[in-house]
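Engineer: Per the UniProt record's numbering, the sequence shown starts with residue 1, numbered consecutively.
Think of the CB as a built atom: it goes at the ideal place given N, C-alpha and C, for glycine as much as any other residue.
Only a predicted model underlies this, so the values are computations on that prediction, with no experimental measurement involved.
Here's a structure for you.
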Amino acid sequence: SKALAVMHPIFSELEESEKSSDDSDYELFSSKPKRAASLSKKCTSSSEDLVQWSKNADDPETPLSRPPSPFLSRATYLFWFNKAIELKQQAQEQEQALLEKAAKKLIQ
């Protein structure tokens, strides 16, 4: 390729572009550990969220320390969390009332 570069200047430009693409390939591969580290951090934070969720799974009436979505404000999350608990309690009360009513009919 050096012989071609001597023959015509365009070939020397091609050779320079090959060098620069090799450099960009090197930068691409050398930046992978950085990307891997950032992915590792994301995975770690995701696993921490999962651990937090599993702790709260035992006690469903305890809200998460952070909203599950970055698009929810803490106030909105807490409002709907409390609303869901209220509706769940109402459903349990209704179910209990229906069971008692059915038990009374069976006894009669």
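According to DSSP, is GLN108 part of a helix, a strand, or is it coil?
Structural biologist: The three-state secondary structure of GLN108, taken from DSSP, is coil.
Engineer: Quick check on GLU61: does DSSP put it in helix, strand or coil?
Structural biologist: coil
Engineer: Taking C-beta to C-beta, are PHE79 and PRO63 nearer than 7 Å?
Structural biologist: no
Engineer: Roughly how many angstroms lie between the CA atoms of ARG74 and ILE85, to the nearest whole one?
Structural biologist: Their Cα atoms are separated by approximately 16 Å.
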